[in-house]
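S.K.: Take this structure, written in structure tokens, and hold onto it; I'll ask about it next.
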Amino acid sequence: MNHAFKLGEAEYNLGLSRAAEGYRLHVGGRSLAVNLHRNDDGSAVLTLDGRSEPAVVAVRGDEVFVHLDGDSYALRYEHPLQRLAAQAHGSAEDQVRAPMPGSIVALHVEAGSSVARGDTLLVMESMKMETTLTAARDGVVESVHFAVGQSFDRDALLLELMARPEQGDAP
Amino acid sequence: MKRIESRLNCASAEFQANSAHNRALAEAFRAMQHRARHQRPERDMERLRAQNKLFVRDRLKLLLDPGTPFLEFSSLAANEAYDGDVPGAALVTGIGIVAGREVVVNAGDASVKGGAWYPLTVKKIVRALDIAIENRLPVVHLCDSAGGFLPLQADLFADRYYAGRIFRNQSVLSKMGVQQVSIVLGHCTAGGAYVPGLSDYSVIVRGTGAIFLAGPPLVKAATGEDVTVDELGGADMHTSVSGTADYPASSEEEAIAIARDIVAQFNRREKARVEWQAPEAPYYDPQELYGVLPRDIKAQFDMHEVIARLVDGSRFHEYQPNYGKTLVCGYAHLWGYKIGILANNGVLFNDSSLKGAHFIELCNQNRTPILFLQNITGFMVGREYERRGITKDGAKMIMAVSCSEVPKFTVMCHGSFGAGNYGMSGRAFDSRFLFSWPQSQISVMGAEQAANTLAEVKIRQLARHGKQLTAAEIAAIRDPVVAEFRRKSSAYWSTSEIWDDGMLDPVDTRNALGIAISAALNTPIAEPRYGVFRM
């Protein structure tokens, strides 16, 4: 599985493997010798497919800043799990189920409400403890199955979300 | 360690003729392997696409670290069986690198008969798991199988090494602390359900993955219950209700990414320590192997020439160079690993057998893995040799081979006939890995000898009744025997029957052995111990 980097809006899929000397870069079905030699002053020499260029590389979290040949680039590394989970936007998460038996204390939305990821949907009470259930993603509330004060069992379907129509990511 | 000095004349007509012959064989093998790996009827590929499934080779590309080697086992398994309809026995197994760790991959190929388990499919899975057990390699299962192939169920279900062995091996792996992860990419029904069930971790794809003991139609027939695939054994049910699977995934790609992240959590153990030095390419070009191997199975050639084209720097420390010269023994390095080599330069005599047994003991004493290069017509026969105890000397060699604790590797380079197959660590002697070259042959005796023996028996039987056979009648007995022997002694037959771990183009042997040795060192090497050597 390759690593994904974003440069601007474009996504690049790259692989890196060890070689007898340095590394090999796998990109678009090609395999190139690559090496980054760091100098004492913090600058570096990037050698790619036999061509060497001075480069400055700095890393902050998942961001990589590269200064190469008079241009600056800001790349963003995307962990495959994050990238693929974002692509999928789990349909199972659209069904908000009761994590334990209890009753509804407060409802913050109604059918048709537009919600953003992290918005509070409802507050429930169980075993003398209040639990807040939030939206797993941006969307619209499709239906609410219980009213304030009503009680339910574990795994009961409390509320359903659907994609915003303009998002068009429903299959 | 000094370099082997090749005595080969690469310009000779003989070398050129061998080279052309063996290159053609290697190309034919590669073409056949390509077909078995990639060529499928369009309707089968279309069905996969319609089911939103990836082809097994694309799944492997996603699973394995980019730019790392994959040592595929038995790529031509089942190619001579089932009318050739089940390429690779409907699955891909091998050793690959996942998240920097050596693992065994067991991947069902749903483009062949829906990934149904034929008898040889089961044999191939069991062998892959035996490899995992012997070499303590974690396993990644890519589950996508229609279940056992019912018309042949009697040949795959109940016996000791049939399907039950898969689950027994999975349990043994777990007991040994060797981890397994299953990725459920299709339906795992009945026995197949236990593959994820017995894995330490399992990932399941929403929509296409399912696990159940019986699918909806069987449930309907058994109890009358109407139930959908998703309700019965889908990703959300198993990951949130039953706990049979651990991680839900929305796509195959995500499932494989999760599995890679799981493998990345496996602790890397320290390997067995053996002598190692920086690797060096062979001084003599491995391509010249094509010119070394003769065109005729009965023609002799010098194994030093083969060793020179396999080992680091073509350097070889030969042990007892003047004693028992029909068995070449000595030390070399291969991809840096120190190994002991036993290679045949003729029939095994008393002295060569004793030398072999002694050298195997030496390798065990100094913890050196052993490579057997077979080109053997057997142990010497005849009154003189029996009087000198050829049987008991051969028995000593077999004893040493059987009880050897260091990992053994065997390559069928040319002929492998009679008990010589045993003395040189044939399949029954638990070499960690055994590979065959395309022109190699294995049988209890040569085709001609077998046909003559059978004809001789028949002639004597009839002679007792006062009958005599005409030349045509003798030919009628002989010819079918010769044809059958030829077919079943070919390397293609052995590899189809999984008597080896795969056929190799000779020039790939060095790399394959490098991966095999590296994998084998995951298991600690025990103290040597033997039975009674008949003196």
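Protein chains in written order, with this note's numbering: chain A, 2 to 172; chain B, 2 to 536.
For each residue, glycine too, the CB sits at the ideal point set by N, CA and C.
#1: Note down, in chain order, every chain A residue with its Cβ under 7 Å from the Cβ of ALA258 (chain B).
#2: Who are the Cβ neighbours of SER491 (chain B) in its own chain at under 8 Å, not counting the five residues just before and after it?
#3: Provide the residue span of the beta strand (DSSP E) that contains PHE213 (chain B), from first to last.
#4: Could you give the distance in angstroms between the alpha-carbon of LYS114 (chain B) and the alpha-carbon of GLY95 (chain B)?
#5: Under the assumption that LEU374 (chain B) contacts CYS414 (chain B) (Cβ atoms under 8 Å), give the Cβ distance between them as a whole number of angstroms.
#6: Between the alpha carbons of ARG38 (chain B) and GLY187 (chain B), how many angstroms are there, rounded?
#7: Taking the runs of the alpha helix (DSSP H) that are 4 residues or longer, which of them lie wholly in the stretch 11-76 of chain B?
#8: With DSSP run on the structure shown, which of helix, strand or coil describes ASN36 (chain A)?
#9: Between LEU522 (chain B) and chain A, is the shortest Cβ-Cβ distance under 8 Å, so that the two count as touching?
#10: Taking C-beta pairs closer than 8 Å, name the residues in chain B that GLY16 (chain A) reaches, listed in chain order.
#11: Quick check: the Cα distance between VAL58 (chain A) and ARG52 (chain A), rounded to an integer number of angstroms?
#12: The stretch 135-164 of chain A: which residues have C-beta closer than 7 Å to a C-beta of chain B, in chain order?
#13: Can you pull the chain A neighbours of ASP247 (chain B), defined as C-beta to C-beta under 9 Å?
#14: Could you name the residues of chain B that GLU25 (chain A) contacts, counting a contact when the two beta carbons are closer than 8 Å?
#15: Note down, in chain order, each residue of its chain lying with its Cβ closer than 7 Å to the Cβ of ARG4 (chain B), except the 5 sequence neighbours on either side.
#16: So with CB distances below 9 Å, who are the chain B contacts of SER115 (chain A)?
#17: Assuming ILE377 (chain B) and ASN345 (chain B) make a contact with CB atoms under 8 Å, what is their CB distance in whole Å?
#18: Starting from the C-beta of LEU363 (chain B), find all residues in its chain whose C-beta is less than 6 Å away, skip the five residues before and the five after it, and write them out in chain order.
#19: Below 7 Å CB to CB, which residues in the same chain sit around ALA520 (chain B) once its five sequence neighbours on both sides are set aside?
#20: Are VAL123 (chain B) and TYR163 (chain B) touching if we call contact CB-CB under 8 Å?
#21: So what does TRP118 (chain B) bridge to, in DSSP terms?
#22: First and last residue of the alpha helix (DSSP H) that includes PHE168 (chain B)?
#23: Report back the beta-carbon spacing between ALA250 (chain B) and VAL204 (chain B) to the nearest angstrom; my notes put them in contact at under 8 Å.
#24: Take GLN278 (chain B) and list the residues in its own chain whose beta-carbon comes closer than 7 Å to its own, dropping the five residues that flank it on each side.
#25: In whole angstroms, what is the alpha-carbon distance linking ILE134 (chain B) and SER497 (chain B)?
#26: Taking 6 Å as the limit between beta carbons, can you name the residues of its chain near LYS393 (chain B), skipping five residues before and five after?
#27: Taking 8 Å as the cut-off, decide whether the C-beta atoms of ALA527 (chain B) and PHE434 (chain B) are in contact.
#28: From B:LEU214, B:ARG41, B:THR411 and B:ARG261, pick the residue whose C-alpha is nearest to that of HIS239 (chain B); which is it?
#29: Could you give the DSSP three-state label for GLU385 (chain B): helix, strand or coil?
#30: Can the beta-carbon of VAL537 (chain B) be found less than 8 Å from the beta-carbon of ALA211 (chain B)?
#31: Nearest to LYS397 (chain B) by CA position, among B:LEU355, B:VAL407 and B:LEU343, is which residue?
#32: Considering only the beta carbon of each residue, do VAL57 (chain B) and VAL93 (chain B) sit closer than 8 Å?
#33: Can you confirm whether the stretch 258-275 of chain B touches the stretch 475-483 of chain B when touching is taken to mean that 3 or more C-beta pairs between the two stretches lie within less than 8 Å?
#34: At a Cβ cut of 8 Å, what residues of the stretch 261-272 of chain B count as close to chain A, listed as they run along the chain?
#35: So, does the CB of ALA63 (chain B) fall closer than 8 Å to a CB anywhere in chain A?
#36: Tell me which residues of the stretch 28-44 of chain A have at least one Cβ-Cβ distance to chain B shorter than 9 Å, keeping chain order.
M.R.: According to the structure data:
#1: MET2, PRO81, LEU82 and LEU85
#2: GLN442
#3: Bounds of the beta strand (DSSP E) holding PHE213 (chain B) are 211-213.
#4: 21 Å
#5: 5 Å
#6: 20 Å
#7: 14-39, 43-51 and 57-64
#8: It is a strand residue.
#9: no
#10: ASP66, PRO67 and GLY68
#11: 17 Å
#12: none
#13: Result: empty, since nearest Cβ-Cβ is about 14 Å, beyond 9 Å.
#14: It is worth fixing the name first, because residue 25 (chain A) is Arg in this sequence and not Glu. Neighbours of ARG25 (chain A) on chain B, chain order: GLY68.
#15: TYR284, GLY314, SER315 and ARG316
#16: The CB of SER115 (chain A) never comes closer than 9 Å to any CB in chain B; the least such distance is about 23 Å.
#17: 4 Å
#18: none
#19: ILE96, GLU103, ASN136 and LEU138
#20: yes
#21: B:GLY149
#22: 165-176
#23: Right, the Cβ-Cβ distance comes to about 6 Å (below 8 Å), so this counts as a contact.
#24: HIS334 and GLY337
#25: 23 Å
#26: ARG535.
#27: no
#28: Proximity to HIS239 (chain B) across B:LEU214, B:ARG41, B:THR411 and B:ARG261 peaks at B:LEU214, based on C-alpha coordinates.
#29: Here GLU385 (chain B) sits in helix by DSSP.
#30: For chain B, the structure presents residues 2 to 536; residue 537 (chain B) sits outside this window and is missing.
#31: Selected option, being the one with the closest Cα: B:LEU355.
#32: Taking the C-beta atoms as reference points, VAL93 (chain B) is found nearer than 8 Å to VAL57 (chain B).
#33: no
#34: ARG261 and ASP262
#35: The residue asked about is misnamed: residue 63 (chain B) is Leu in this sequence, not Ala. Cβ-Cβ to chain A under 8 Å: yes for LEU63 (chain B).
#36: SER32
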